[in-house]
Amino acid sequence: MTSTQENPDREEKPRPGEALGLEEVELVPEDDRIIGVVFRRSLWVLLGVLLVVGLVGLLNRREEVAGPEVAVETAPPIAVDVAPTAAPSVAFTDITTEAGLDFVHVNGAQGDKLLPETMAGGGGFFDLDGDGDQDIVLINGTSWPEASRPSADSTVVLYRNDGHGSYSRIADSPRDSYYGMGATAADYDGDGATDLFVTAVGHNHLYRNIDGRLVDVTQKAGVAGSEREWSTGSAFFDLEGDGDLDLYVANYVRWSKEIDFELGYQLTGVGRAYGPPLNYEGTYPYLYRNNGNGTFTDVSAAAGIDISNPATDLPVSKSLAVSPIDLDRDGRIDLFIANDTVRNFLFHNRGDGTFEEMGESWGLAYDRDGSATGAMGADFGFFRNDDDIGFLIGNFANEMTSVFVSQGDPTLFADEAITEGIGAATRTVLSFGIFLFDYDLDGRLDLLQNNGHLEEEIHSVDPSQTYRQAPQLFWNGGPRASRTFLPSGSELGSPIVGRGSAYADIDGDGDLDVLLLQTGGSPRLLRNDQQLGHHFVRLKLLGRAPNPDALGATAVLSAGGVTQRRQVATSRSYLSTVELPLTFGLGDNTEIESLVVTWPNGTVQPVERVEIDGLTVIEQNP
Numbered sequence: 046m047t048s049t050q051e052n053p054d055r056e057e058k059p060r061p062g063e064a065l066g067l068e069e070v071e072l073v074p075e076d077d078r079i080i081g082v083v084f085r086r087s088l089w090v091l092l093g094v095l096l097v098v099g100l101v102g103l104l105n106r107r108e109e110v111a112g113p114e115v116a117v118e119t120a121p122p123i124a125v126d127v128a129p130t131a132a133p134s135v136a137f138t139d140i141t142t143e144a145g146l147d148f149v150h151v152n153g154a155q156g157d158k159l160l161p162e163t164m165a166g167g168g169g170f171f172d173l174d175g176d177g178d179q180d181i182v183l184i185n186g187t188s189w190p191e192a193s194r195p196s197a198d199s200t201v202v203l204y205r206n207d208g209h210g211s212y213s214r215i216a217d218s219p220r221d222s223y224y225g226m227g228a229t230a231a232d233y234d235g236d237g238a239t240d241l242f243v244t245a246v247g248h249n250h251l252y253r254n255i256d257g258r259l260v261d262v263t264q265k266a267g268v269a270g271s272e273r274e275w276s277t278g279s280a281f282f283d284l285e286g287d288g289d290l291d292l293y294v295a296n297y298v299r300w301s302k303e304i305d306f307e308l309g310y311q312l313t314g315v316g317r318a319y320g321p322p323l324n325y326e327g328t329y330p331y332l333y334r335n336n337g338n339g340t341f342t343d344v345s346a347a348a349g350i351d352i353s354n355p356a357t358d359l360p361v362s363k364s365l366a367v368s369p370i371d372l373d374r375d376g377r378i379d380l381f382i383a384n385d386t387v388r389n390f391l392f393h394n395r396g397d398g399t400f401e402e403m404g405e406s407w408g409l410a411y412d413r414d415g416s417a418t419g420a421m422g423a424d425f426g427f428f429r430n431d432d433d434i435g436f437l438i439g440n441f442a443n444e445m446t447s448v449f450v451s452q453g454d455p456t457l458f459a460d461e462a463i464t465e466g467i468g469a470a471t472r473t474v475l476s477f478g479i480f481l482f483d484y485d486l487d488g489r490l491d492l493l494q495n496n497g498h499l500e501e502e503i504h505s506v507d508p509s510q511t512y513r514q515a516p517q518l519f520w521n522g523g524p525r526a527s528r529t530f531l532p533s534g535s536e537l538g539s540p541i542v543g544r545g546s547a548y549a550d551i552d553g554d555g556d557l558d559v560l561l562l563q564t565g566g567s568p569r570l571l572r573n574d575q576q577l578g579h580h581f582v583r584l585k586l587l588g589r590a591p592n593p594d595a596l597g598a599t600a601v602l603s604a605g606g607v608t609q610r611r612q613v614a615t616s617r618s619y620l621s622t623v624e625l626p627l628t629f630g631l632g633d634n635t636e637i638e639s640l641v642v643t644w645p646n647g648t649v650q651p652v653e654r655v656e657i658d659g660l661t662v663i664e665q666n667p
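This is how it looks when you write it as C-alpha cells:
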C-alpha cells in the first residue's frame with residue numbers, strides 16, 4: 046500500500062507510516078542474508094563504475110593524431126515523425142444513472158478503521174446470458190458481524206445489458222452476503238457459458254453459469270479456501286497446457302480485527318487510521334488445478350509459488366493483482382504478481398505444473414530506485430506496437446506508476462515511467478485500477494488509472510493528498526522516436542474514491558466504454574462518445590472445449606504498416622474483469638494487411654476475412 050525498501054543500500058525513502066502521516070510503528074526484521082548479497086553486489090557495481098571512469102580519463106588524455114583530410118558526401122537529415130503536442134479530445138459521458146445502475150457499495154465502515162473497508166471495490170464486465178452484450182457484475186462488501194447497522198445487501202449484484210448500453214438489475218442474482226473483494230469471469234467447465242469467481246475476506250465463491258443463472262458450486266469445486274485468508278486478485282489460465290482452465294488466487298495479508306486493533310495505527314492529530322500492510326504478516330496464494338470434472342485440486346505448495354523469507358520462514362507475498370501472460374513466448378502462461386510493499390513476483394511456468402520465481406532476475410521486482418512499491422492494480426500490453434511488452438502497476442501516493450518495459454528481451458525489464466511521460470503526473474495520486482486500452486481507436490494502447498486515497502482525513506496531515514481523486518487518462522503519443530503518454534484533455538468527471546476499473550463496448554459502436562468502481566460509493570459508467578471517425582476491428586475468438594473462451598490466445602494484426610498484438614485475458618486492473626472480445630483501432634486505415642491468431646494449444650491460424658468497423662467471430666480450426 047505504501048513504499049518501503051527491501052534493499053537497505055538504496056537511497057532512503059519515507060517510511061510507510063510517514064507517507065500516511067502515521068505515528069511511529071515498529072518495523073518487521075530485515076532479511077540479513079539478502080542484505081549481505083545486496084551489499085556485495087553494490088561493491089561490484091562501484092568497482093565497475095570506477096574502472097569505467099578511469100578508462101574514460103585515459104582515453105581523454107590520449108594525444109590526438111591528425112589524419113588525412115577526406116571529402117565526405119553528406120545526405121539531408123531524415124525527417125522524424127513527431128507526435129502531436131496534444132492528445133485528441135475524446136468525450137466520456139457519465140451515464141450511470143441514465144443507464145440504470147443504482148448500486149451503492151457497502152464497505153461496512155462504522156469508525157473502527159478496519160483495513161478491508163478501504164481496499165474493497167471490484168467487479169466488471171462479462172456476458173452472463175450469452176447474447177453478445179456485456180453485462181455488469183458489482184461485488185459488494187457487507188457489515189461486520191457485530192455492526193449496529195447490519196447490511197442486507199447481496200455480495201454479487203448483476204445488471205443485464207439491453208444491447209444498447211442500458212442496464213436493469215437482475216432479480217435472481219445470488220443472495221449470498223459476505224465480505225466480497227473482486228471477481229474474474231471465464232468458462233471454467235467448457236460448457237459455453239461464462240462462469241464467475243469471487244474473492245473475499247474469508248471463504249471465496251465460485252458460481253457456475255447455468256442458463257444465465259449463477260449457481261454457487263464452491264464446495265463441490267473445492268475452491269473456498271480458508272476462512273482465515275483474505276483473497277484479492279484472481280485469474281483463470283491453463284497451467285499445464287492440457288486445455289482446461291486452472292485458477293490462481295492471490296491472498297493479501299494475515300488479517301483479523303484483533304490483529305488490526307493490536308497494530309493500532311493512528312493518523313497524527315486525527316485518530317485511528319488504516320495502516321500500511323508492512324507490519325502484517327504475508328500470506329501464500331492458492332493455485333487450483335482443474336480436474337476436468339467440475340472440481341479442483343489445491344496444488345499450491347507443490348507448484349513452487351509459496352515464497353518464504355529465508356530469515357523468518359514466513360510468507361513474503363502481500364498480493365493484490367495477477368496478470369496471466371506467456372511472457373517469453375514458450376507456449377506456457379506465466380504469472381506476474383503485484384505485491385504491496387514487498388517485491389513483485391514473476392512466476393515463470395516450467396511446463397511441468399511448477400513455477401520458478403524470476404521477478405528479481407528479470408527486473409520486475411523493484412522500481413527504478415531499487416525499492417519495493419505499494420503495488421495495487423496491474424495490466425500488460427504491447428503499447429509500443431513492437432516486440433517489447435510493458436507491465437503497468439498502479440502504486441501508492443508519492444510513488445509514480447511503474448512502467449516495466451522489456452529491453453529487446455522478454456526476460457529483461459526496466460522501469461521507464463519517467464521516459465514514458467507519466468512519472469511526474471502519477472506521483473501525487475494513489476492508483477488502484479489501471480489498464481491499457483485504445484480509447485480513440487488510433488491503433489495505440491492508452492492508459493487509464495482509477496485513483497483514490499485510503500484515509501478520509503489525509504488532507505489534514507498531507508496537503509498534497511485528498512481522499513477523493515480524479516481518474517487519469519493518458520494518450521499514447523505514437524512514434525517511437527518521440528513516443529510518450531500524454532495527459533488527455535478528455536473529462537472523466539469529478540474525483541472519487543477509486544478502486545477497481547474495467548472496460549467493454551457496452552453499446553456496440555466499436556469504441557471502449559469504462560466502468561470505474563469505488564469503495565463505499567456508487568460506480569461510474571462512462572460512455573465513450575468519441576467522434577474522430579477512426580476505424581476499428583473487434584474479434585471474438587471461439588476456442589475448442591474445454592477452453593471455449595480461448596483464454597491465453599493471441600491475435601496479431603497488421604494494418605498501415607503497424608503491427609498490433611492482443612492477448613485474451615479477462616483478469617486486469619484491480620479486483621476486476623473485462624470483456625473477452627479484442628479491440629484493434631485502425632485510425633484512418635480501411636484495409637487489413639494480415640491477421641494471425643495463435644491459439645492456446647500453439648496452433649497458428651491466419652485469418653483471411655475481417656470485418657472493418659464490426660465484430661468478426663473466429664473459430665479455432667479443427
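Count the sequence shown with the numbering used here and you get residues 46 to 667, in order.
Note that CB positions come from ideal geometry on N, CA and C, so glycine has one too.
Have a look at residue i and residue j and give me their C-alpha separation to the nearest angstrom.
| i | j | result |
| --- | --- | --- |
| residue 435 | residue 188 | 39 Å |
| residue 351 | residue 500 | 32 Å |
| residue 657 | residue 594 | 22 Å |
| residue 347 | residue 363 | 20 Å |
| residue 168 | residue 181 | 8 Å |
| residue 491 | residue 275 | 32 Å |
| residue 254 | residue 278 | 21 Å |
| residue 588 | residue 478 | 29 Å |
| residue 131 | residue 532 | 8 Å |
| residue 618 | residue 349 | 25 Å |
| residue 607 | residue 293 | 34 Å |
| residue 601 | residue 641 | 5 Å |
| residue 518 | residue 372 | 26 Å |
| residue 613 | residue 309 | 43 Å |
| residue 185 | residue 150 | 6 Å |
Please name the residue, chosen from the options, that lies closest to residue i on a Cα-to-Cα basis.
| i | options | result |
| --- | --- | --- |
| residue 192 | 208, 200, 186 and 153 | 153 |
| residue 389 | 621, 365 and 467 | 365 |
| residue 285 | 629, 379 and 514 | 379 |
| residue 323 | 426, 387, 268 and 161 | 387 |
| residue 646 | 466, 171, 543 and 597 | 597 |
| residue 582 | 574, 629, 571 and 561 | 629 |
| residue 660 | 627, 619, 331 and 332 | 627 |
| residue 382 | 463, 296 and 428 | 296 |
| residue 654 | 643, 636 and 644 | 636 |
| residue 506 | 266, 314, 232 and 221 | 314 |
| residue 553 | 156, 175, 210 and 456 | 210 |
| residue 455 | 438, 439, 426 and 474 | 426 |
| residue 547 | 494, 236 and 530 | 494 |
| residue 139 | 447, 558, 306 and 429 | 558 |
| residue 335 | 305, 271 and 233 | 233 |
Going by DSSP, what residues sit across from residue i in a beta bridge?
| i | result |
| --- | --- |
| residue 411 | Its beta-bridge partners do not exist; DSSP assigns none. |
| residue 594 | According to DSSP, residue 594 bridges with nothing at all. |
| residue 519 | 492 and 532 |
| residue 360 | 353 |
| residue 248 | Bridge partners of residue 248: none, in fact. |
| residue 378 | Answer is none; residue 378 lacks a bridge partner. |
| residue 664 | 587 |
Might you give, ordered along the chain, the residues of its own chain that have their beta carbon closer than 7 Å to the beta carbon of residue i, omitting 5 neighbours on each side?
| i | result |
| --- | --- |
| residue 219 | 199, 201, 252, 259 and 261 |
| residue 450 | 433, 435, 458, 459 and 461 |
| residue 634 | 580, 604 and 605 |
| residue 298 | 275, 322, 325, 326, 327, 328 and 363 |
| residue 212 | 144, 145, 146, 181, 204, 205 and 206 |
| residue 410 | 388, 389 and 404 |
| residue 178 | 172, 206 and 208 |
| residue 541 | 497, 513, 561, 563, 566 and 569 |
| residue 245 | 223, 224, 225, 226 and 276 |
| residue 330 | 293, 294, 295, 296, 345, 350, 362 and 364 |
Measure the beta-carbon distance from residue i to residue j and round it to whole angstroms, keeping in mind my assumption that it falls under 8 Å.
| i | j | result |
| --- | --- | --- |
| residue 190 | residue 577 | 52 Å between Cβ atoms; not a contact. |
| residue 497 | residue 563 | 6 Å |
| residue 280 | residue 367 | 5 Å |
| residue 420 | residue 438 | 5 Å |
With a threshold of 6 Å on Cβ separation, who are the neighbours of residue i within its own chain once the five nearest residues in sequence on each side are excluded?
| i | result |
| --- | --- |
| residue 203 | 182, 215 and 218 |
| residue 109 | Summary for residue 109: the model assigns pLDDT 29, below 50, so the residue's position carries little reliability; its value from the coordinates is reported in the next sentence. The answer is none, since no qualifying residue turns up. |
| residue 337 | 289 |
So with Cβ pairs under 7 Å, would you call residue i a contact of chain C?
| i | result |
| --- | --- |
| residue 183 | Chain labels in this structure do not include chain C; a single protein chain is all it has. |
Looking only at its own chain, which residues have a Cβ that is under 8 Å from the Cβ of residue i, when we skip the five neighbours before and after it?
| i | result |
| --- | --- |
| residue 544 | 164, 165, 166, 167, 477, 478, 495, 497, 562, 563, 564, 619 and 620 |
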